[in-house]
Structures are given as C-alpha cells and as structure tokens.
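Protein chains in written order, with the numbering used here: chain R, -3 to 133; chain F, -3 to 133; chain C, -3 to 133; chain E, -3 to 133. We treat Cβ as the ideally placed atom computed from N, Cα and C, and that holds for glycine. Here's the structure, in structure tokens; my notes come after.
There are 4 protein chains.
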Amino acid sequence: MALTRFSVSLDSDLVGRFDARIKADGCPTRSKALGDLVRESLVRREWREGDEVAGAIVMVYDHHKSDILRRLTAVQHDCHEVIISTQHIHLDHNNCLEILAVRGEAAIIQGIVQRIKAVKGLKHITLAAGTTGREIA
Amino acid sequence: MALTRFSVSLDSDLVGRFDARIKADGCPTRSKALGDLVRESLVRREWREGDEVAGAIVMVYDHHKSDILRRLTAVQHDCHEVIISTQHIHLDHNNCLEILAVRGEAAIIQGIVQRIKAVKGLKHITLAAGTTGREIA
Amino acid sequence: MALTRFSVSLDSDLVGRFDARIKADGCPTRSKALGDLVRESLVRREWREGDEVAGAIVMVYDHHKSDILRRLTAVQHDCHEVIISTQHIHLDHNNCLEILAVRGEAAIIQGIVQRIKAVKGLKHITLAAGTTGREIA
Amino acid sequence: MALTRFSVSLDSDLVGRFDARIKADGCPTRSKALGDLVRESLVRREWREGDEVAGAIVMVYDHHKSDILRRLTAVQHDCHEVIISTQHIHLDHNNCLEILAVRGEAAIIQGIVQRIKAVKGLKHITLAAGTTGREIA
C-alpha cells in the first residue's frame, strides 16, 4: 500500500478542538481520524450514486406468524445473487433476528428492503449501508 | 395474539395519498402500513431511551493490515456479553465484511462501535439499529 | 376539509405501547399521532422523488472572512427563483446565522446546498427538508 | 486567525478518490474539504453532547385550522429565550411556512420541536441542526 503525504492548513482553534475529540475517542492519530471522515464521505457517496456496495439487512419477526417463513424465503431466493449469506438468531421463544449479508447495486439492495417490508408479520427491518471496500483504501 | 380494532379520522386527501403510496409499495392493507409506521417510531424510541435493543454492527477491513485481526478480536472478546455471533464474508482477496449480531443496552452497543472505530486499518463501520421485538408486537 | 373515518386492526400490545408514547408526548389523539406518522412518511417521499418541496437552508459563517459575503450573495442571486427570503442573525461579533427560506424541486435545492458548501470561509450548512403542504393535508 | 499547518499520511488511492470528489463538488482545496468534514463532525457532537447550538425549526401548517395560530404563538412565547426571530412565508392560500431561528441548549431546542409537534393542525415540522460557530473556527 502506497501512502501519500501532504500538508493541510486549518484554523488553529479548529485543530485544537479536533485533537481533543480524537483523544477522547481513543483515535491514535490525526491521519487516522481524517482518513475515517474521508472514507465515510466516500461510502455515503457510493450509496447515493448507485455504485456496487455491501452491507447487512437486519429483520426481526415472530416465526409463529402465519406463512412468514415461506414468504421471507421466497423473496430471498428471488434475490439470491445479492444475498451472500444469512445469520439467524433465536432472540426468545417468539422473536427471530435475521441478518442478510448483501452485496450489489445500491438500488437493488434498497429494493429488497422494500419488498421484505411489505411481508405481513414482519416487526422491523433496517439496513446497514456499508461498502465493498474496493474503492475505499 | 389479541387484536385491537379502533377507528381513525384523517383528512380524505391524506388518506388518498397514503393509499396510493401503500399500493405502489405492495403493502397489503392500511393496518399493515400504519402498524409499520408505529413500530418504526417505537424502535427509534428504544434506541433513544437506552432500552435493550438488538441489531448488527457491520465492518469492512483489509485483513492484511498489520495486527487488525488481533485488535478486532480483542475488542469483541471484551464485549462478548453483547455480541451474539459473527458472520464473516471474504469480499475479495483483500476485503472482509464482518457482521456482528448484537443485543444489549443501546449505549453499550454504541460504545462498541466507537471502540472498533478507533482500530487502525478499519475501512468502514456502520450500525443497523433494530429491536429485540419483545416490546414490539 | 373532508374527513375519512376508517378502522384499523393492530396487535393490542402494540396499541398499548403506542398509547403510552402518545400520552408522554402530549399528543391529543391516536388519529393525530397516526396522521403525523403518515405525513412524515409522505414528506420523506416528496424529497426522495424530486417533487416540489419547501424548507430552509441554514448557514453559519464569519462575515470577516475575505469575500464571503460577495460569494454567498452571488450564489443566492443565481438561485433567486428558489430562494423566497432570507433571515440574518448576528450571533456574536464574528458569527452570522443566515436562514434561506426555499421552495422548488428537491434536486435544485440540494444543488444549492452543494454550491454554497464550496464557498471558502463557510463554517457550517444544513438543510431542513420540509414541504409545500399542498399534497399533505 | 491563526492557521496550523500539519501533514497527513493517507493511502494514495484514497487521496485520489477524494481529490476526484472534491473536484466534482467544486471545492477549491483539500484543506477546505477536510476542514468541512472536521467541522461537520464537531457540530454533530455539539448536538449529541447538549452544548449551546443554533439552527432553525421549520413548520408548515394551514392557518385556517382552528386555533392553530393561537397555540403556536403560545408555545413560542413560552420559549422566547431560545427563539431569536421568525420568518413567515405565505406558500399559497392555505399553507404557511414558518421558520424559527433558534439558539440555546440542544435538549431545550429538541423539546420545543416536541411541544410544537403536539399542536393539532400542524402538517410538518423539522429541525436544521446548526451551530453558534463559536467553537467551530
């Protein structure tokens, strides 16, 4: 991995405030902290611009609800090119936490979330919008 | 599961617009769509008020980066009461997508995200803020 | 204004939890609370789909910074069809809070935010994404 | 204003991607773009930690709705220490866009939003979370 070294000029007060925050967060260096902000801004842009992205779809449902397992499985098979694997946790007697690892175009992943959302009996669905890391060094 | 049936009075134009949206989204009934909005508002509140919640922490990193595997494992072991299980995907030769299924107090889970964020070599981290479903019928 | 009255069936526990939240928030009725959730979901959609929207662009800057007043004025005049009026508050000797009331297509308003963001000397800019109210009864 | 000049080491690919984004956004220099990311992260933190902040509360309502003007005025007078000034736009025959410039503790401002939200007849309310600029150089 090649590093580029460059200099930055920022207001001295701003640098002081940023250093205090970095220290409070246990972040080792200014370069690490600035790099994190840059990477986050690039990942937000990947999702906005519809690039290939990766992440997780997280659902909670009561497996007793009529037909929900069959319906969720049907949607997932329709979208198998994008769903890499599934993690299932029995939260209690009734509730399941199911996490789909996904990778594909941002719009396709958001479309899967919409389709699953329409399934009757689902309690909650949310998306962790991550990255494939390929363009994020 | 007991159902409560009650009536709602809303502006007729608003109901018309909402019905159009529901139909476009493939949502089967008004009750399902209103229930989804209610559940989402309650889950947001669980996170704001620090209740017990569930969800997923999603990380992307290059496993070649010096020492990152040891550091990530160390944080995860410190927090093993909250991390239920881990799903690991080899995105390509360099990049790993790692998804931690989590359950615990909202503030503890957000603290883990902060700790992992400080690990050098991590490319991206994001949180899917879900629910245990226990209070969300 | 015509009202439509319809009935909704939701899980009894969910209704109980929602009622508790409504009461805590000082919201007068279930119809008001459900209507608010419906309206919020429709306004989010207006922004996503690029409809005509309204809102406010909120900037903070130090008016001593060289040339910033001229630059901000130039951008605003370029976009005068969308900027309805401006509110300016002298926060202290250095800092100005400037609030632009805006109305127009969602993408145009977001483009103005991007253009202003590039102006040197600006400290912060953020957008309140509201509605014209025409489609939100 | 004193400037601090320091150097940063980031992965060369990351710098290349960031430079492309900066150019596309019309941002003049890397220092400006990095400074913007730092300032945004500090303002998010001001809101999270309950510091003194500034911003705008943006409401839309139909002024014909019974009693809404009296109710909104009552809340605003209760909170007059925090509301600096108000901008009112007649969007059409029915709809008003009202923008409150606010300054005070983050929790107090969020509490005002909750109180206004409970007013019957309000169509939409949203908050632009800005800064006083005092700690953001």
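Boundaries (first-last residue) of the alpha helix (DSSP H) holding residue i
i: residue 15 (chain E); result: 8 to 20
i: residue 69 (chain E); result: 64 to 74
i: residue 32 (chain R); result: 26 to 44
Residue i versus residue j - alpha carbon distance
i: residue 133 (chain F); j: residue 18 (chain C); result: 17 Å
i: residue 116 (chain E); j: residue 119 (chain R); result: 29 Å
i: residue 42 (chain R); j: residue 102 (chain R); result: 8 Å
i: residue 111 (chain F); j: residue 22 (chain R); result: 8 Å
i: residue 49 (chain E); j: residue 98 (chain E); result: 8 Å
i: residue 69 (chain C); j: residue 79 (chain C); result: 12 Å
i: residue 29 (chain F); j: residue 44 (chain C); result: 19 Å
i: residue 4 (chain E); j: residue 91 (chain C); result: 29 Å
i: residue 14 (chain C); j: residue 31 (chain F); result: 10 Å
i: residue 40 (chain C); j: residue 114 (chain R); result: 18 Å
i: residue 27 (chain E); j: residue 2 (chain R); result: 10 Å
i: residue 134 (chain R); j: residue 36 (chain C); result: Only positions -3 to 133 of chain R appear in the structure, and residue 134 (chain R) is not among them; the question remains open.
i: residue 66 (chain R); j: residue 71 (chain E); result: 51 Å
i: residue 75 (chain F); j: residue 62 (chain R); result: 36 Å
i: residue 55 (chain F); j: residue 24 (chain R); result: 19 Å
i: residue 60 (chain F); j: residue 38 (chain R); result: 22 Å
i: residue 85 (chain F); j: residue 89 (chain R); result: 29 Å
i: residue 9 (chain E); j: residue 9 (chain C); result: 53 Å
i: residue 16 (chain F); j: residue 16 (chain E); result: 41 Å
Beta-bridge partners of residue i, as assigned by DSSP
i: residue 5 (chain R); result: E:1
i: residue 84 (chain F); result: F:94
i: residue 53 (chain F); result: F:96, F:123
i: residue 58 (chain E); result: E:91
i: residue 79 (chain R); result: R:98
i: residue 48 (chain F); result: F:101
Beta-carbon proximity check, residue i vs residue j, cutoff 8 Å
i: residue 0 (chain F); j: residue 34 (chain C); result: no
i: residue 53 (chain C); j: residue 109 (chain C); result: yes
i: residue 7 (chain F); j: residue -3 (chain C); result: yes
i: residue 87 (chain C); j: residue 82 (chain E); result: no
i: residue 93 (chain R); j: residue 107 (chain F); result: no
i: residue 194 (chain E); j: residue 123 (chain C); result: Any question about residue 194 (chain E) goes unanswered here, given that chain E covers just -3 to 133.
i: residue 46 (chain F); j: residue 105 (chain F); result: no
i: residue 100 (chain E); j: residue 77 (chain E); result: yes
i: residue 121 (chain R); j: residue 95 (chain F); result: no
At a Cβ cut of 9 Å, what residues of the stretch 53 to 64 of chain C count as close to chain A, listed as they run along the chain? Considering every chain present, this structure includes no chain A. Its protein chains are R, F, C and E.
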